[in-house]
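Numbering (this note's numbering), first residue to last: 44 to 158.
Virtual Cβ for every residue (Gly too), placed ideally from N, Cα, C.
These figures come from a predicted structure and were not determined experimentally.
Notes follow once the structure below has been shown.
Encoded structure:
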């Protein structure tokens, strides 16, 4: 059993436009990641058939589009996204957005991009 951190993740990856991610737990039934988004970046609208997700904001403020509605989530707040909800995260600020993302089960092969 080993500890994980941003400097010692299971794996580091890049996504979107200059966004970063670090896998902390990568199992079929559970995924936990740390992700960061530079200012003025956004994710593609998508959904997951099976996975539910929980986003916890560590730094900054996130705007989430969820089924056509915008929800603002501030630092030290979280948001639960249920399976089949169309969603994306947006960083409208100039600063970095950093958050923990838990998915259950994992979103591997369970992401359907809409736009």
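Which listed residue (the options) has its alpha carbon closest to that of residue i
i	options	result
residue 149	44, 71 and 45	71
residue 63	100, 88, 118 and 141	141
residue 158	131, 80 and 146	131
residue 126	89, 82, 66 and 138	89
Paired residues, beta bridge with residue i - DSSP
i	result
residue 54	66
Segment limits, beta strand (DSSP E) that includes residue i
i	result
residue 112	112-116
residue 121	121-124
residue 87	Residue 87 -> no beta strand (DSSP E), and no H or E assigned at all.
residue 76	74-80
residue 131	130-134
residue 49	Element bounds for residue 49: n/a, residue is neither H nor E.
Buried/exposed call for residue i, threshold 16 Cβ in 10 Å
i	result
residue 61	exposed
residue 80	buried
Evaluate the contact criterion for the stretch 107-123 versus the stretch 62-79: three or more CB pairs, one atom per stretch, below 8 angstroms. no
Is the stretch 121-137 touching the stretch 44-59, taking contact as three or more C-beta pairs under 8 angstroms? no
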